[in-house]
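So for the sequence shown, the working numbering puts the first residue at 40; every next one is plus one. Just so it is clear, CB atoms sit at the ideal spot from N, CA and C, and this is done for glycine as well. Let me begin by presenting the structure, written as structure tokens, before commenting on it.
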Amino acid sequence: MVYKKKQYKKRSTKEIQEEVNNLVTKGLEAIKQYSVDPKDQLELLQFMSSFHNYSIRNQSLILAQFPGAYAVGGYVTFKNMGFPPIEKSKIRILRPNFFKLFKDTRGENRMVSSATPEEKTLIAAGKLESWEVKHFKPESVFDISQTTARPEDYPKLFPNRRVEFSVESDHVINQLESALFAMGEKFGVPINNENTSIFGTRELGSAKGHFARDNIGNKEIVLNSRTTKSERIAVLIHELAHATLHDPTNLDGSYWTTQNLKPKDLSLKELQAEMVSYVVSYEYGIDTSEQAIPYIASWTRHLAALEESGPDAQFHLLEDVQKVSHSFIQFLDTHLEQQRSAEKEKVITEEKVQAFCQKYHIQENDVFTREKIVSFIREEPELTENQLFAALHSHQNDTLFEWAYENQKPAETITHYLEEQQLNLRKKVYSGHAFYQVDETIELLLEKRNEYEQFELILLNEVGECETYSFPSEQDVFQKLKSLMAYPINALSERKVDLWNAKKERKHQQALIHDQVMRETYLEETGREM
């Protein structure tokens, strides 16, 4: 689920404490009551039935190379399931190969496959000795996380499955991630990935993150590059909680956990880290309960491990969860408020507004108020140029519809704007403008093919498919663009340029092949070269 969190303003200590206490209480009750739906169990079993059962030796090889691997298969297996691998495999196993030998009448060892029909009859009758030979050949396999499988492709009960939490916007995610990186810097814990790990962690496998330290004070958090953007937030908070509570070098006396939990108390540590992640994530609009509750229930046997620790330890463990959650929220609130203040303080000059309007062809357009233009300018760094064109076009259409529906403007005014849109489109076509767009995914390229005023309009979509329309005149081109509700843009996006170049290269190669065939045919039929 997703809900819209109130604006990031600093809350009082009492407000934060009440929210944290309520969430911890709610979470603990959900963990106690958690039960597995038999339908979800069946879904997982059916899903796993698609995969090969590897030998104990190969299972050991797989886990040594990819810790936590659960659904493993070859390229064809995943391709047939609809999500082929996208990574160069790092998992190698030994595949058994079997073949049969026999001793012929001359006493030589030969392959059964090379035996004559008479020899095969003697082998079957047991008159010629035969035996089976087995040898092993290295083979590449993949974990499901190395494929194009989307979060929704995983069964609900799949261990450590990838998930895309609902969030208000990518901008919220980016702000939270920036704030969490700042928190790591404050704690002296660098946040790295598998390529930059200072401890040489090169493969986390199915683990989404990892907090590591050595005996001389070096420490780091390593994030799995395969996590989704929203997942990274929850994982970061989880690992920062480990760094805060479970690093014995942090013996400042503020947390009972740090001084009293032992390395063997893994279930209690996971309870604390995941509970902090659940509470803090929820405070910023990310509900991780669908993952967090089963995770904690599994680690703690529905809180049995917590209850077995005794009343005193139980009190301190949960108190530390509340204290860490509280301190994280205070830090994030402060950091996010500073980010927003800095954004508001950025002065958008009149020159910048004019340059923006000129770039996106919205000069003297009352649909766009200055306030709205400034809003789009602030979004500009996060969007591609053509995404912004699409957003501006959508805003104009929505505004015109609102004017008409709510009678905010006379019909003549709305008609005028629509006619201006069409007039601008016509001018662009007749002036030879080449680039147009329907939305974020569909772009068009207009080319004049020859001196006889023949035109081609090439439609390029997101998946690389191209459609070509031919027209005898600019008027016909205009009518087609009008029917598509297209509008001019400054240039094709990089992806569309790549798609178009690839198409042209294929056409060029086809033309070369055609010419070669024509030359060879002419030479064969006439004895002369063209």
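Buried or exposed for P208, going by 16 or more other Cβ atoms inside 10 Å? At residue 208 the sequence reads Ser, which differs from the Pro that was named. Its Cβ having fewer than 16 others within 10 Å, S208 is exposed.
For N97 and K258, what's the separation of their Cα atoms in angstroms? 33 Å
Can you have a look at Y321 and say buried or exposed, based on whether 16 or more other CB atoms are within 10 angstroms of its CB? buried
Which same chain residues, not among the five before or five after R241, have their C-beta less than 6 Å away from its C-beta? E233
Hey, out of M87, F86, R131, Y114, whose CA is closest to F585's CA? Residue 585 lies beyond the range of the chain shown here (40 to 569); nothing can be said about it.
Short of 7 Å in beta carbon distance, which residues of its chain neighbour N148, apart from the five on each side in sequence? Order them along the chain. L140, K142
By how many angstroms is the C-alpha of N289 removed from the C-alpha of R50? 27 Å
CA-to-CA distance, V406 to Q46, given in whole angstroms: Below a pLDDT of 50, predicted positions are generally treated as unreliable, and Q46, at 46, falls in that range; no measurement from the model is reported.
By how many angstroms is the C-alpha of T297 removed from the C-alpha of D351? 15 Å
Between V115 and T373, what straight-line distance do the alpha-carbon atoms span, to the nearest angstrom? 51 Å
Start and end residues, beta strand (DSSP E) containing D182: 169 to 182
Exposure label - K43; buried when at least 16 CB within 10 Å: Legend: pLDDT at K43 = 41, less than 50; position of this residue unreliable, value from coordinates given subsequently. Answer is exposed; the Cβ neighbour count stays below 16.
Three or more C-beta pairs under 8 Å: does that hold for the stretch 150 to 169 against the stretch 81 to 95? no
Please report the straight-line C-alpha distance between Q514 and E458, rounded to a whole angstrom. 16 Å
Tell me F138's beta-bridge partners as DSSP assigns them. V172
Could you say which of S205, Y469, L196, L356 lies nearest to S337 if we only look at CA atoms? L196
Going by the beta-carbon positions, is the gap between Q185 and S128 smaller than 8 Å? yes
Beta carbon of L284 nearer than 8 Å to that of L219: no
Cβ-Cβ separation, I255 to L279 (assumed contact under 8 Å), whole Å: In fact, because the Cβ distance is near 21 Å, the residues do not count as touching under 8 Å.
Helix, strand or coil: which one does DSSP assign to K466? helix
Would you mind working out which of S348, V516, S380, R465 sits nearest K303, comparing C-alpha positions? S348
Backbone secondary structure at V573 - three-state DSSP: Because the chain in this structure spans residues 40 to 569, residue 573 falls outside the shown range and cannot be described.
Residue interval of the alpha helix (DSSP H) (run including R409): 409 to 418
Could you check the C-alpha separation between F510 and Q549 for me, to the nearest Å? 24 Å
Span of the alpha helix (DSSP H) around F440: 424 to 444
If you compare alpha carbons, which of N500, V477, G471 is closest to K487? G471
Which residues DSSP lists as bridging L496, in chain order: L485, Y508
Specify the secondary structure class of Q185 as computed by DSSP and reduced to three states. helix
Return the chain-ordered ranges of every beta strand (DSSP E) run that is complete within the stretch 254 to 318 and spans a minimum of 3 residues. 258 to 262
Determine the closest residue to T52 out of H174, W170, Q369, V111, with distance taken between C-alpha atoms. Q369
Tell me whether S51 sits in a helix, a strand or coil according to DSSP, three-state version. coil
DSSP state of N213 mapped onto helix, strand, coil: helix
Would you list the residues sitting across from G112 in a DSSP beta bridge? F181
Looking at C-alpha atoms only, which residue of A443, V180, S153, A164 is the closest neighbour of L100? V180
At 4 residues or longer, and completely inside the stretch 312 to 383: list those alpha helix (DSSP H) runs for me, N to C. 328 to 339, 343 to 347
If I'm right that F494 touches L485 with Cβ under 8 Å, what's the distance once you round it to whole angstroms? 6 Å
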